[in-house]
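These notes are about the structure you will find just below.
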Amino acid sequence: MKSRNLADIYDKLLQELGPQEWWPADTPFEVVIGAILTQQTRWTNVEKAISDLKGHGLADPQNLANANPEKIEELVQCCGFYHQKAFRLRNIAQFFVDNPMDIVFALPMGELRELMLSLQGVGYETADSIILYAADRPKFVIDAYTTRMMKCIGIEGNYMQLQQLFEEQLPADVKMFKEYHALIVEYAKKYCGKKRCDACPLIQGVN
Ligand code: SF4
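Here it is, written out as structure tokens:
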């Protein structure tokens, strides 16, 4: 896998877009809810569902774990796959009732990641989003936008290879990891998603 200076790319993204201040949430458990709900849907749908869950007092592990499954389905319907997502939300809520969040989030990184990955519906991206944005621990999140953008600048690899490259090249700085991931997503929306490759400052600046 070819290596490029990822700190320089971070600077270019920050210069282009400014600070993003992710993840928008009032509590770590709201991040967990968002990380489950955001799978295969737009963030605007997630915002609506979280707002509705909060309105019903369900953005809390104990309340969500005890909630009527059909009520949860109704509240998260706007995010698609609502039956599956409602099930996963109750499941992860029960997990955090049984395993207090402050204890889980303080586990050694390898143990924490394995534990997150053992939960139903939690793959690499979801686990790492929870670790970075809810636990405030330095784990770089790779998503489809990251993979595409890296390919454009000559870096190819699978999830774990890309994550390893970011974590090797960058300081283990939680704030920077959060910001970098957010910048990639916002950049992808502004340029990649609108097929503005001809105007892509990232490519022009790097090549
Ligand atoms: S705008 Fe186009 S060239 Fe630039 S990173 Fe996105 S997909 Fe690649």
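For the sequence shown, the numbering used here gives the first residue as 36, with consecutive numbering after it.
Even glycine gets a Cβ: it sits at the ideal position worked out from N, Cα and C.
Contact between the region 223-230 and the region 63-70 is absent: fewer than three C-beta pairs spanning the two stretches fall below 8 Å. With 16 or more other Cβ atoms from the protein chains shown falling within 10 Å of its own Cβ, Cys235 counts as buried. Distances taken from the Cβ of Ile238 to the heavy atoms of ligand 1 include one shorter than 6 Å. With a cut-off of 6 Å, the C-beta of Met184 is classified as near ligand 1, since at least one heavy atom of the ligand falls inside that distance. Excluding its 5 nearest sequence neighbours in each direction, Lys174 has C-beta neighbours in its own chain below 6 Å: Asp163, Ile166, Leu167, listed in chain order. Excluding the 5 residues flanking it on each side, Ile177 has same chain C-beta neighbours closer than 6 Å at Tyr194, Leu197, Gln198, in chain order. Here Lys230 carries a coil assignment [DSSP, helix/strand/coil].
When rounded, the separation of the alpha-carbon atoms in Ala223 and Gly158 is 22 Å.
Annotated three-state conformation of Pro54 is coil, per DSSP. Under the three-state reduction of DSSP, Asn134 is assigned to coil, being neither helix nor strand.
Ala100 is positioned such that its CB atom lies no closer than 7 Å to that of Gln74. Taking Leu237 as the centre and dropping the five residues before and after it, the same chain places the C-beta of Ile44, Lys47, Leu48, Glu51, Met184, Cys187, Ile188, Tyr222, Tyr226 closer than 8 Å to its C-beta, in chain order. Nearest neighbour of Thr182 by Cα position, chosen from Ala169, Arg172, Leu200, Ala170, turns out to be Leu200. Remark: the shortest separation between the CB of Tyr226 and any heavy atom of ligand 1 falls under 6 Å.
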